[in-house]
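So the protein sequences, as listed, match chains P and R.
Numbered per our numbering, the first sequence spans residues 17 to 124.
Numbered per our numbering, the second sequence spans residues 558 to 677.
All residues carry an ideal CB built from backbone N, CA and C; glycine is no exception.
On a predicted model such as this, the values are computed, not experimentally measured, just so you know.
Written below as structure tokens is the structure these notes are about.
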Amino acid sequence: DIQMTQSPSSLSASVGDRVTITCRASQSISAYLNWYQQKPGKVPELLIHTTSTLQSGVPSRFSGSGSGTDFTLTISSLQPEDFATYYCQQSLTIPIYTFGQGTKLEIK
Amino acid sequence: QAQLVQSGAEVKKPGASVKVSCKASGYTFTNFGVSWVRQAPGQGLECMGWISAYNGDTKYAQKFQGRVTMTTDTSTSTAYMELRSLSSDDTAVYYCARGGGGSGGWFDPWGQGTLVTVSS
């Protein structure tokens, strides 16, 4: 199984900060990497698929990059509504995929 | 707009089974697969398996093989997930999501989730 490891597990930041979350795969997954946002008590929502393609309706302050085993999610200027938990997910191993353990982004 | 609506919360005793439904609307059901993902309280996301709404092909995560069955009813655009031999470790919110398989490896949209509580 491909293991997905996110870092950090939690992060405190302020409104307006630039934030980067990292996701590392245990083996190469090419560009088959997706990102989700989950707010407390809510359903996960797709932010980015295939490493860097922004889902429709997602603000442009979100961006993704990487390839192979190392990927990043960047929020260019944090907004109050961005405080949530973020998950990466590999989609190489069709159709059973694995998620990272999550990164909880909290207000400083 | 694509939408998935799941059945309501369930409380089950250890050893019992649960069947969760997921009704799709706003898209052609048979053009996409449906995946099932669960989330234990305070924990992360775990992929349970996938079903093709086109031909009913299924693939289950090894952890759940022998204990889970995923089906679809194309006449009602509904997917089902049945989990048997429940234990307290199965207490979780169960989500269905469009996607997986050949229809792209990302999940969008998700159902609202179904809380399954296993307790004696």
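- Identification of chain P residues near G601 (chain R) by a Cβ-Cβ cut-off of 8 Å yields Y103, F115, G116, Q117 and G118, ordered along the chain.
- Secondary-structure assignment with DSSP links V562 (chain R) through a beta bridge to R:K580.
- DSSP places E122 (chain P) inside the beta strand (DSSP E), whose first and last residues are T119 to I123.
- Sixteen is the threshold: since fewer than 16 other Cβ atoms of the shown chains lie within 10 Å of the Cβ of V31 (chain P), the residue is exposed.
- The residue from R:G613, R:N612 and R:S677 with its alpha-carbon nearest to that of D646 (chain R) is R:S677.
- Contact annotation: in the region 25 to 51 of chain P, residues whose CB is within less than 8 Å of a CB in chain R are Y48 and N50.
- Between S634 (chain R) and A581 (chain R) a beta carbon distance of about 4 Å is seen, short of the 8 Å cut, so the two are scored as contacting.
- The three-state secondary structure of Q600 (chain R), taken from DSSP, is coil.
- Closest in C-alpha terms to L602 (chain R), from the list P:K124, P:M20 and P:A47, comes P:M20.
- Annotation: G583 (chain R) has no Cβ neighbours in chain P at a cutoff of 7 Å; minimum Cβ distance is about 14 Å.
- In the three-state scheme derived from DSSP, where H, G and I count as helix and E and B as strand, T85 (chain P) is classed as coil.
- Collapsing the DSSP output to three states places D665 (chain R) in coil.
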